[in-house]
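Colleague:
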Amino acid sequence: MDVPEKPSLDGLEAKWGEWWEAAGTYRFDRTRSREEIYAIDTPPPTVSGSLHLGHVESYTHTDLMARFKRMRGYEVFYPIGWDDNGLPTERRVQNYFGVRCDPMLPHDPNLDVAALERPSEEPVAVSRGNFIELCERLTAEDERAFEDLFRKLGASVDWTQMYTTIGDRSRRISQVGFLRLVRKGLAYKAEAPTLWDVDFRTAVAQAEIEDREVDGAYHRVTFAREGGGTLEIETSRPELIPACVALVAHPDDERYAPLVGTTAITPLFRVPVPVVAHELADPEKGTGIAMICTFGDVTDVTWWRELKLPARVVVRRDGTLAPGRFGEPGWESLDPGAANAAMAELAGKASKQARRRITELLREDRALVGEPEPVRHVVKFYEKGDRPLEVISSRQWFVEILRFKQELLGRGREIAWHPGFMGARFASWVEGLNQDWAISRQRYFGVPFPVWYRLDATGEPDLDDPILADEATLPIDPQADVPPGFEPGQRDVPGGFTGDPDIMDTWATSSLTPQIAAKWEEDPDLFARLFPMDLRPQAHDIIRTWLFYTVYRAHVEHDSIPWTNAAISGFVLDPDRKKMSKSKGNVVLPTEIFERHSADAVRYWAASARLGFDAAIDEQQIKVGRRLAIKILNASRFALTMAAEPTAVIEPLDRAMLATLRGVLAEATEAFEAYEHARALAVLERFFWGFTDDYLELVKPRAYSGGAAAGSAVAALRTALDVLLRAFAPFLPYVTEEVWSWWREGSVHRAAWPLAEHLTDADGADPEVYDVAALVLGAVRKEKALAHVSLRVPATLVTVRDTTERLGKLAMATEDVRLAGNVEELRTAEAPEPGVEVVLGTTPD
RNA sequence: GGGCGCUUAGCUCAGCCCGGUUAGAGCGUCUCCCUUACAAGGAGAAGGCCGGGGGUUCGAAUCCCUCAGCGCCCACCA
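Position in the first sequence (first residue = 1) + 89 = the numbering used here.
Written out as structure tokens, the structure reads:
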């Protein structure tokens with residue numbers, strides 16, 4: 090036994106972090122069978138940014154389950170990954186180094202990175218290869234900082250199971266997964282209108298869209314009718330009038346029914362367009378008749394597709410308008426000259442400027458009715474973007490998801506959701522899906538498509554019959570590697586080949602994290618021991634992306650759910666309950682909090698938050714955690730430094746305390762099994778404070794006294810301490826390991842979780858003895874507090890009134906109560922109403 | 001507009017599934033106490049028509065209906 094004189098929390102993180110690493114405490118043993126393993130699909134955090142307390146909270150939740158299951162006897166597979174591919178990294182690299190990627194430039198092997206770190210005013214253009222090198226360089230730095238924080242937090246991950254989403258294995262598995270989709274006929278390349286970010290110049294998927302309210306204006310515009318007359322439409326995007334291909338009204342709308350089938354003429358551009366009917370047209374909106382443009386929004390796409398309308402696209406990929414082509418086939422106009430002149434006024438302008446200019450043109454042309462009416466309306470944005478999305482037709486890889494809706498809803502019902510209502514979030518997302526998954530991105534730092542295209546004699550690619558890479562050669566980069574049967578010199582020359590220039594959506598990789606961590610198609614034995622996994626922990630904001638796509642991939646590839654449990658954490662809000670964001674400057678740095686309060690204290694706060702509910706940062710609560718950790722140190726010191734030798738636990742009070750603890754353990758275990766870590770912590774904590782305030786005070790005099798009765802107290806204290814340390818271990822891994830090391834062998838984190846049935850010393854004991862004793866002691870303390878006297882002041886006479894039964898229980902602990910309360914005479918009287926009367930003496934000396 | 005969640009002490013939250021003592025905890029506030037594990041501590045007090053309204057029941061924070069407020073997800077770009 091080696092109990093320090095003055096125990097402290099300082100330095101415990103470093104001390105035990107190193108010890109665990111050296112001892113391999115959390116190392117995964119792959120020889121165990123599937124039934125013995127608990128596998129966690131750990132979220133790989135995005136490394137291109139800083140960690141905040143939200144990470145700390147949700148990773149603590151995961152770690153609690155990992156530690157609990159480990160102590161329950163499972164071999165826990167708890168890997169860690171870093172999500173370093175994708176746009177966030179590119180954006181950070183652009184800002185950090187002051188560069189932009191120009192795929193046309195050749196690779197520069199001697200790029201002066203030091204010069205780049207002092208960004209000049211103009212971004213320096215670098216080659217794709219150099220750009221990717223810079224991405225790798227920066228993410229490597231970020232990953233070191235992340236690892237440091239995860240270690241400090243005490244996340245019991247197996248660091249030998251680390252992966253990155255841009256690493257070889259992730260790229261290989263992403264590419265294998267993609268080729269399998271192609272072979273199953275589930276991935277297809279198609280020219281289709283897609284949501285498009287004009288700044289990032291890439292397609293984005295439905296799952297990455299968010300709505301934002303912005304200022305706009307309704308413009309009422311007059312269209313002429315063929316054969317005379319006019320009609321009016323309302324639009325917030327008049328700059329798309331040149332892309333108008335039809336007008337649409339609801340089929341039941343009597344106002345417009347006579348017009349359906351007739352032709353209208355667009356203002357300025359003089360293009361004849363049909364008036365058509367469709368149920369999506371809302372008679373309540375605007376004038377009840379709308380223009381269909383190619384493409385103003387996703388409703389336009391639906392109309393265009395279902396009504397088989399032609400396309401006249403005017404918005405280019407950078408968001409500016411194209412010059413006019415009126416007069417050409419498909420661009421009919423009654424006055425091509427005027428139409429192209431009008432278009433020339435708009436060409437090269439982005440939407441906003443074009444809108445302003447066309448409003449003036451419409452006004453001059455007397456086609457504008459009244460003035461534009463300002464309005465706040467909701468517009469779709471890419472979640473990482475700054476300008477509204479356009480709908481642009483481009484050739485993209487799509488993955489079929491729509492036809493799996495019903496099956497995926499079924500998969501959702503197979504998963505146990507924690508909390509349960511999160512399953513409804515998943516279902517409502519699946520039900521609302523309306524597009525296949527656009528999986529290609531026109532970006533650079535990501536997993537490329539393992540695909541090339543043959544070039545014909547004129548140098549045009551044959552896009553319909555791609556050359557797929559051989560799975561055995563993956564991962565490959567079609568920009569660097571050569572397809573089978575070709576020579577490097579044939580790249581991009583007629584009769585040769587060209588590589589697919591796109592990369593995959595970052596979720597195309599992330600949706601395979603179970604397969605990546607379990608080494609799918611690389612280590613079949615390991616994969617069979619891990620998949621499907623047991624737990625997916627994550628936050629609720631990415632149910633529609635990470636969670637949904639993972640379920641989809643497992644369904645189509647493995648005909649299975651990817652894991653049996655999904656534990657969904659809420660968000661961490663700042664102390665004013667606002668969502669944290671860097672721009673508000675309210676991000677609290679985790680490292681400072683750890684420094685100030687200790688990792689155990691921060692974990693305590695995180696563990697107090699239930700799954701699925703938002704939690705506010707509460708430094709007071711963190712301080713409470715710190716106090717609990719310190720209390721554990723001191724109470725342990727007391728229990729372990731008693732002079733008396735432990736004997737059998739025979740005293741009724743000691744046995745009653747253990748009986749109470751037994752009930753607490755049963756509840757904590759049940760709560761943990763149900764993924765309710767906060768309840769488990771709460772019941773343990775309540776018992777523990779009572780244990781220190783009441784039980785320790787009650788037995789202190791006896792424990793110091795010597796003899797068999799002292800031995801019983803010391804034995805009970807140690808039994809309780811042993812059990813409490815193990816029960817608190819998932820929550821407070823540092824302080825429990827510290828105390829465990831004073832008197833136990835090995836790591837507490839590899840000890841068995843304490844179960845109620847193991848506390849045999851409590852067999853047949855009555856927990857109420859403990860209750861009654863604590864109650865009387867409390868009453869004595871209350872009298873002394875109300876009298877404003879020291880607890881040392883003796884109570885000359887205490888009379889306890891209660892039922893015969895309860896007085897009998899008190900009798901079993903009379904001496905303990907008398908000594909702890911400094912009571913000279915303790916009398917009892919039978920009474921229907923319980924009560925304690927206290928007569929105080931005077932202060933000694 | 002649809003779905004989900006929340007509403008209990010000044011604050012943060014338990015309790016509600018499975019109805020039953022005077023509704024709990026922590027923080028904060030106030031009062032007191034240096035007591036040989038702990039002053040980075042301890043003891044105690046005050047503080048609540050359990051969001052509103054109906055109903056079921058001997059009995060409702062708890063079950064049912066309804067309304068309101070807040071939050072999130074989805075739909076909504078004319």
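In this text, a Cβ means the ideal position worked out from N, Cα and C, and glycines have one as well. Computed from a prediction, not measured in an experiment: that's the story for all the values here.
Between Ala760 and Trp526, how many whole angstroms is the CB-CB distance? I'm expecting something under 8 Å.
Modeller: Ala760 to Trp526, Cβ: 38 Å. No contact.
Colleague: Rounded to the nearest angstrom, what separates Leu915 and Asp891 at their Cα positions?
Modeller: 13 Å
Colleague: Alpha carbons only, please: which of Thr383, Val691, Phe820 and Pro679 is nearest the one belonging to Trp420?
Modeller: Thr383
Colleague: Find the nearest neighbour of Arg401 within the set Thr352, Phe470, Gly408 and Ile330, judged by alpha-carbon distance.
Modeller: Ile330
Colleague: What whole-angstrom Cβ distance do Arg751 and Leu813 have, given they're in contact under 8 Å?
Modeller: Contact doesn't hold; Cβ gap of about 12 Å is too wide.
Colleague: Quick check: the Cα distance between Val265 and Glu560, rounded to an integer number of angstroms?
Modeller: 6 Å
Colleague: Can you tell me whether Thr893 is buried or exposed, with buried defined as 16 or more other CB within 10 angstroms of its CB?
Modeller: Counting Cβ neighbours within 10 Å, Thr893 comes out exposed, since fewer than 16 surround it.
Colleague: Starting from the N-terminal side, write out each stretch of the alpha helix (DSSP H) that is 4 residues or longer and does not extend beyond the region 155-209.
Modeller: 176-186 and 202-205
Colleague: For the region 461-473 against the region 598-615, are there 3 or more C-beta pairs whose distance is under 8 Å?
Modeller: no
Colleague: Given a cut-off of 8 Å, decide if Phe660 and Gly143 are closer than it, judged by their beta-carbon atoms.
Modeller: yes
Colleague: What is the DSSP secondary structure of Pro132, reduced to helix, strand or coil?
Modeller: In the structure shown, Pro132 sits in coil (DSSP, three-state: anything other than H, G, I, E or B).
Colleague: Excluding five sequence neighbours on each side, which residues of the same chain lie with their C-beta closer than 6 Å to the C-beta of Ala606?
Modeller: Excluding five sequence positions before and after Ala606, the CB atoms of its chain that fall closer than 6 Å to its own CB belong to Pro168, given in chain order.
Colleague: Return the CA-CA distance between Gly187 and Trp831, expressed in angstroms with no decimal places.
Modeller: 54 Å
Colleague: So, for Thr291: in the same chain, excluding its five sequence neighbours on each side, which residues have a beta-carbon less than 6 Å away from its beta-carbon?
Modeller: Close CB contacts of Thr291 within its chain, under the 6 Å cut and outside five residues either way in sequence, are with Arg530, Gln531 and Arg532 (chain order).
Colleague: Taking just the CA atoms, how far does Met746 sit from Ala851?
Modeller: 8 Å
Colleague: Helix, strand or coil for Ile378 per DSSP?
Modeller: strand
Colleague: Please confirm whether Met731 and Ala792 have their CB atoms less than 8 Å apart.
Modeller: yes
Colleague: Kindly indicate which three-state DSSP category Gln627 falls into: helix, strand or coil?
Modeller: Strand.
Colleague: Assign Glu225 to one of three DSSP states: helix, strand, or coil.
Modeller: In the structure shown, Glu225 sits in a helix (DSSP, three-state: H, G or I).
Colleague: Output the boundary residues of the alpha helix (DSSP H) element that contains Lys789.
Modeller: Leu785 to Ser794
Colleague: Which residues does DSSP pair with Tyr693 in a beta bridge?
Modeller: DSSP lists no bridge partner for Tyr693.
Colleague: Are there 16 or more other CB atoms within 10 angstroms of the CB of Lys673, so buried, or fewer, so exposed?
Modeller: Summary for Lys673: the model assigns pLDDT 48, below 50, so the residue's position carries little reliability, and this model does not support an answer.
Colleague: Quick check on Trp108: buried or exposed, where buried means 16 or more other Cβ atoms within 10 Å of its Cβ?
Modeller: exposed
Colleague: At which residues does the beta strand (DSSP E) containing Met251 begin and terminate?
Modeller: Met251 to Thr253
Colleague: Please look up how many angstroms separate the CB atoms of Tyr163 and Ile126, rounded, as I've assumed it's under 8 Å.
Modeller: 6 Å
Colleague: Less than 6 Å between C-beta atoms, sequence neighbours within five positions excluded: which residues of the same chain meet that for Gly416?
Modeller: Pro425
Colleague: Can you tell me which of the three DSSP states Asn523 falls into?
Modeller: Here Asn523 sits in coil by DSSP.
Colleague: Beta strand (DSSP E) containing Gly924: first to last residue?
Modeller: Gly924 to Leu929
Colleague: Less than 8 Å separating the beta-carbons of Pro621 and Thr595?
Modeller: no
Colleague: Just how far apart, CA to CA, sit Leu563 and Leu369?
Modeller: 46 Å
Colleague: Taking C-alpha atoms, which residue in Ala335, Val824 and Ala845 lies nearest to Asp99?
Modeller: Measuring from the Cα of Asp99, the nearest candidate turns out to be Val824.
Colleague: By DSSP, does Asp891 sit in helix, in strand, or in coil?
Modeller: Asp891 falls in the strand class under three-state DSSP.
Colleague: Rounded to a whole number of angstroms, what is the C-alpha to C-alpha distance between Arg633 and Glu449?
Modeller: 43 Å
Colleague: Tell me the rounded alpha-carbon separation between Leu284 and Ala366.
Modeller: 25 Å
Colleague: Considering Thr749, what are the terminal residues of the alpha helix (DSSP H) in which it resides?
Modeller: Pro741 to Glu762
Colleague: Buried or exposed for Lys671, please, with buried defined as at least 16 other CB atoms from any protein chain shown within 10 angstroms of its CB.
Modeller: A caution first: Lys671 carries a pLDDT of 48, below 50, which makes its placement in the model unreliable, though a value can still be read off. It is exposed - the Cβ of Lys671 has fewer than 16 other Cβ atoms within 10 Å.
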